[in-house]
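First up is the structure itself, then whatever we jot down about it.
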Amino acid sequence: MAERKWSTLLTELIKFKRLYDTNAPLNIALKSVAPHYTKQQMGLRDLCNAIHESYRANNILQAIHDMYLTLPEPAMRPADAYKALVQGHVERVDIEEAIGRIAATMVAPTPPGIPVIMPGERFIPESRSIIEYLRFTREFDRQFPGFETEIHGLRIEESFSGKRYTIDCVKE
Numbered sequence: 001m002a003e004r005k006w007s008t009l010l011t012e013l014i015k016f017k018r019l020y021d022t023n024a025p026l027n028i029a030l031k032s033v034a035p036h037y038t039k040q041q042m043g044l045r046d047l048c049n050a051i052h053e054s055y056r057a058n059n060i061l062q063a064i065h066d067m068y069l070t071l072p073e074p075a076m077r078p079a080d081a082y083k084a085l086v087q088g089h090v091e092r093v094d095i096e097e098a099i100g101r102i103a104a105t106m107v108a109p110t111p112p113g114i115p116v117i118m119p120g121e122r123f124i125p126e127s128r129s130i131i132e133y134l135r136f137t138r139e140f141d142r143q144f145p146g147f148e149t150e151i152h153g154l155r156i157e158e159s160f161s162g163k164r165y166t167i168d169c170v171k172e
């Protein structure tokens, strides 16, 4: 990285640290997310601590590790899953109902950006940790708007009862 870029990065990190140390109001520290937190009267340190506590309480590092321990079951060729997707032979399935279903698309949390399931693989009970992580993501996104988790292949749709988290699965 060029020296100028390092200098800019370091300057911004020092600025962030000062804002954190003083528990600066979010409308000063993080203007883009501040409107989501007007009722909570949170400062930057309060928000950072709440996010950290959510990760700690849900043992998120272990959850991410566990997602990659058990491989989903290959149920069809990825090309056949893609063909089903292109031909519209897929349906959106709530994350709670994904066990036993065949993924039509790749699901890859970012970070780290490594797929947890590929097209043509079946969600099996032994890979329940994937579903548990997706549930955590839904709850985290609800609790901390503006810090939503990016997961390729996960669809988030607005519904009357809130946000619905779904995965495209092959119709069987």
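Start counting the sequence shown at 1; every next residue gets the next number (UniProt numbering). Cβ coordinates follow ideal geometry from the N, Cα and C atoms, glycine included. From a predicted model like this one, the values you see are computed outputs, not experimental measurements.
| Query | Result |
| --- | --- |
| Own chain residues within Cβ distance below 6 angstroms of G146, not counting five before or after | V33 and H36 |
| Bridge partner(s) assigned by DSSP for D94 | T166 |
| Cβ-based neighbour list, A63, same chain, cut-off 7 angstroms, excluding 5 preceding and 5 following | S129, E132, Y133 and F136 |
| DSSP state of S159 mapped onto helix, strand, coil | strand |
| Per DSSP, the bridge partner or partners of G113 | DSSP output for G113 lists no bridge partner at all. |
| Where A63 falls: helix, strand or coil (DSSP) | helix |
| Which residues DSSP lists as bridging P25, in chain order | G43 |
| Residue of T149, E96, I102 and H89 minimising C-alpha distance to M76 | I102 |
| Start-to-end residues for the alpha helix (DSSP H) that takes in E126 | Segment: none, E126 is in no alpha helix (DSSP H) and carries neither H nor E. |
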